[in-house]
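Going by mature numbering (1 follows the signal peptide of the UniProt record, and there is no 0), the letters in the sequence shown line up with residues -33 to -1, 1 to 657, in that order. Virtual Cβ for every residue (Gly too), placed ideally from N, Cα, C. Below is one structure, written out as structure tokens; the observations come after it.
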Amino acid sequence: MKKVLRKSKKTWVILGVSSLGLLSGLQTYSVSAEEQAASNPVPINQAQIDSPQAVETSIAKVNPIASKGTIETPQNPVTASVDNQSVSTPEVSNTKNNPSNSEVSPSEKTVKSLASTEATVTKPTVTKPTVNYTSHVSNVGWQNPVQEGQISGTTGQSKAVEAITITIDNPSDGNITYSSHVANIGWQNPVSEGQVSGTTGQSKAMEAIRIQLTGNLAFQYDIYYRTHIADFGWLSWAKNGESAGSQGLGKRMEAFEIQLIQKGQAVTLDTSKAFILFTKPTLTYQTNIINNGWQNKVSEGMFSGTTGQSKQIQAFLLSLNNKSYGDITYRVHVQNIGWQTFVSSEQMAGVLTNSNRIEAIEMKLSGYLDSRFDLKYRAHVQNIGWQSWVYDRYVAGTTGQSKAIEALEIQLVEKSKGSQGFIQNERPQQGVADVVILAGASGKPISKIKVAAWSTADQSNLAWYESAAASSGATTIRINQQRHKSLIGKYTVHAYVYYQDGSVQKIEVGTTNLRAALITPYYNQRDSRWGWKQYGISNLAAAGCVPTSLAMIFSSLSGKTILPPQVADFLYTKTNEFNKSFIGTSAQGLISAVTNFGYQYSNLTNASAITSALQAGHHVACAIQYNKFVASGSHEMVLKGYSNGYTYVYDPYTSGNCGWYPIQNLWNERSTDKDDNRGVAAPFFKITSL
């Protein structure tokens, strides 16, 4: 039994050595043959030991991987200990059948032959996986796949990559996952090889990618990738799940490239700037108030300065925490100096000496900020209050009016897809202001723009303006107080943008104060230039009070010179209400002239109505009798203005009578002549523009 056991051990050792030789590099040899036998006892008998077939079968069982690949064995033979004897391969000692070692049994020949074969086996060659990828490009569709080191997508064509797929030809040892950042969506969930990341049929550009290996692939390789994005070109390389491309810039990805590099291999790729993450810069600003000094910095959307305290700003400073994507420049209009030159953020505009106030400010964006944002700002102006918002490259405040800016508010806002409107060049005392309409970022062509403005609660002085040939950039339309019955007040302004596709956009532009005091020229019916002119049974000097009064009103409302003979010519040639069957002009003649010259009238039936019309800034034509203005008969005059129950009288017959007179007295002294009252309730008329 001992001999059998020893021979069994020797046979096991021979088999084990063969197996160990085949498994070199995959396991160590610290386990003894006895320990192996104890853990896996194999029953054998003498016949099995002496059988070559049995030995070959045992070898196959112990070494099942011998046929599955070429695995290199150690060059030196492996030696194991059996019963304190040394057994080595490839030579095997069998003392039972060949005590002199001159012959070798068939079983030993088989083992020796196998061992000799094992000594020539080579280590397996590991093949590098191949990465393939393709892009779905806007207006193109799916491109043909390319391999690592090649470009997928396009460059120089302004076409967006909208979706991608990536495959790897050796996924059994791992996988590849990837995700996309898509415009107006953000980061999508990762997908595995062969699946689509991004979108198709939605015209949404990819902006960034992340690619990562998994499993054994991630231990053996690094995956590098880079992107080509709009306006920036090729960025640097990212690797192993890092972001490549941009986020927050709205820049389309146009192409990408992948490289698979074995770990430990020298890498010379630039990885300095693979990803651009844009965040909106922080804007702060501060003002220096005369006699108060610098105020604390405030953030956008807050105002710097004061309101309701009549304190004037003399200097201004704006700060931008990040200038990588552009800057803000600004200039101010200073009292007694005028416009200064533009300065950049962190620089002061204005002066700190002589207490010269800032009266206006203009700001501009540059760089990427200018393409992405609008700078929106407004000023609180002395004796005006808060003006409407304006946008970069336009002026907030006033020039030529000697009015100080008392406070400023600024906002950095995303460009609007639609058009925008604001008010510029306000001239309250002249009764004019400009409405500016900026075309939106959508680029939709504009066919025309209409602007509506009014100052009365019932919109009774509403007037429309239209630009038939609107430009694609900025359109300016001037509103004029004279178009609104010359009323003084705060005007509400709306704009309507008509696009070529048939859509209409309404813009609530804002408000502006128009305070032009209408200049009413004084004409005298006895003027030597026309007093002698004969019309029927009388002349202008004797009977021309109505045409002369109306000429004063028409000239004021139109801003043009309308002389008394022009009105008289109409009355005499076009009506029967002047110097034909009676001397002078009737109420119906007055109404006909007002209508013909393009104005409108309202019959005023009491002193209260007269007062309201005068308080609103309108002209009133009135016929009075038997007072300081006329001793006998009746007389037409012009009333304009209001002050504490009085109005200013323009007497066309006696210039010395012009002046302030009680409204109630005028009502009490109204004419009772039948022609002055024919067809009306009273001989008082408010006359306005249409």
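Could you check where the beta strand (DSSP E) with Ser416 kicks off and where it finishes?
The sequence shown places Ile at residue 416, rather than the Ser named in the question. Unbroken beta strand (DSSP E) run through Ile416: Ile413 to Trp421.
Does the distance from the CB of Pro619 to the CB of Asn491 come in under 8 angstroms?
yes
Near Leu581, which residues of its chain fall below 8 angstroms by C-beta distance, leaving aside the five closest residues on each side in sequence?
Val587, Leu606, Lys607, Gly608, Tyr609, Thr614 and Ile630
Write down the C-beta distance between Arg450 and Ser125 rounded to the nearest angstrom, noting that I regard them as a contact closer than 8 angstroms.
Actually they do not touch by this definition, with Cβ atoms about 47 angstroms apart.
Determine whether the beta carbon atoms of Asn111 and Thr101 lie at a separation below 8 angstroms.
Taking 8 angstroms as the cut-off, the Cβ atoms of Asn111 and Thr101 count as close.
DSSP three-state call for Trp634: helix, strand or coil?
helix
So Leu287 and Leu250 are supposed to be a Cβ contact under 8 angstroms. How far apart are they, rounded?
6 angstroms
C-alpha gap between Val149 and Trp109, whole angstroms
17 angstroms
Starting from Arg645 and walking both ways along the alpha helix (DSSP H), at which residues does that stretch end?
If you look at Arg645, you'll find it isn't in any alpha helix (DSSP H); DSSP assigns it neither H nor E.
For Lys541, which beta-bridge partners are listed by DSSP?
Lys541 is not bridged to any residue.
Which runs of the alpha helix (DSSP H) at least 4 residues long sit entirely within the region 312 to 343? Give them in chain order.
Entirely contained in the region 312 to 343, the alpha helix (DSSP H) runs reaching 4 residues are, in chain order, 334 to 339.
Extract the residue ranges of the alpha helix (DSSP H) inside the region 579 to 615, only unbroken runs of 4 or more that lie entirely within it.
Every candidate alpha helix (DSSP H) stretch fails here, since none sits fully inside the region 579 to 615 while reaching 4 residues.
For Phe537, which residues in the same chain have their Cβ closer than 7 angstroms to its Cβ, ignoring the five residues on either side in sequence?
Ala560 and Asn563
Complete runs of the alpha helix (DSSP H) confined to the region 552 to 583 [at least 4 residues]
554 to 563 and 574 to 582
Quick one: what's Tyr617 bridged to in DSSP?
Val605
Using a Cβ-Cβ cut-off of 8 angstroms (strictly less than) and excluding sequence neighbours within five positions of Ser311, which residues of its own chain qualify?
Scanning its chain for C-beta atoms nearer than 8 angstroms, with the 5 sequence neighbours on each side dropped, one finds around Ser311 the residues Asp294, Ile295 and Thr296, in chain order.
If you draw a straight line from the alpha carbon of Gln253 to that of Glu376, how long is it in whole angstroms?
10 angstroms
Quick check on the DSSP output: what are the complete beta strand (DSSP E) runs of length 3 or more inside the region 455 to 508, in order along the chain?
456 to 466 and 471 to 481
Rounded straight-line distance, which links the Cα of Arg298 to that of Asn151:
36 angstroms
Please determine if the region 160 to 179 and the region 206 to 214 are in contact, where contact requires at least 3 C-beta pairs separated by less than 8 angstroms.
yes
For Gln226, write down the residues that DSSP places opposite it in a beta bridge.
Tyr191
Which residues bound the beta strand (DSSP E) around Thr246?
Run containing Thr246: none; DSSP gives neither H nor E here.
Quick one: Cα of Trp634 to Cα of Ala484, how far?
One C-alpha to the other measures close to 25 angstroms.
Here's a check: name, in chain order, each residue in its chain whose Cβ is nearer than 7 angstroms to the Cβ of Glu313, leaving out the five neighbours to either side.
Excluding positions up to five away in sequence, the list reads Ser286.
Could you give the DSSP three-state label for Ala127: helix, strand or coil?
coil
Return the chain-ordered list of same chain residues with a C-beta closer than 6 angstroms to the C-beta of Ser147, the five sequence neighbours on each side being excluded.
Gln155, Ser164, Gly165, Met173 and Ile176
Please report the Cβ distance between residue 705 and Ala327, rounded to the nearest whole angstrom; I am assuming they are in contact, meaning their Cβ atoms lie under 8 angstroms.
Here the chain comprises residues numbered -33 to 657, so residue 705 is not present and cannot be evaluated.
Among residues of its own chain, excluding the 5 on either side of Lys370, which ones have a beta-carbon nearer than 7 angstroms to its beta-carbon?
Glu326, Val348, Gln349, Asn350 and Ile351
With C-beta atoms as the reference, is Ile280 less than 8 angstroms away from Asn255?
Yes, they are a contact pair.
Met519 (DSSP reduced to helix, strand or coil):
helix
Can the beta-carbon of Ser170 be found closer than 8 angstroms to that of Ser105?
yes
Please report how far the alpha carbon of Asp359 lies from the alpha carbon of Ser333, in whole angstroms.
The C-alpha of Asp359 lies about 10 angstroms from the C-alpha of Ser333.
Since Lys247 contacts Leu379 with CB under 8 angstroms, what's their CB separation in whole angstroms?
7 angstroms
Does the beta carbon of Asn263 come closer than 8 angstroms to any beta carbon on chain C?
Considering every chain present, this structure includes no chain C. It has just one protein chain.
Three-way DSSP call (helix, strand, coil) for Ser622 in this model:
helix
Express the C-alpha separation of Gly231 and Asp237 in angstroms, rounding to a whole number.
17 angstroms
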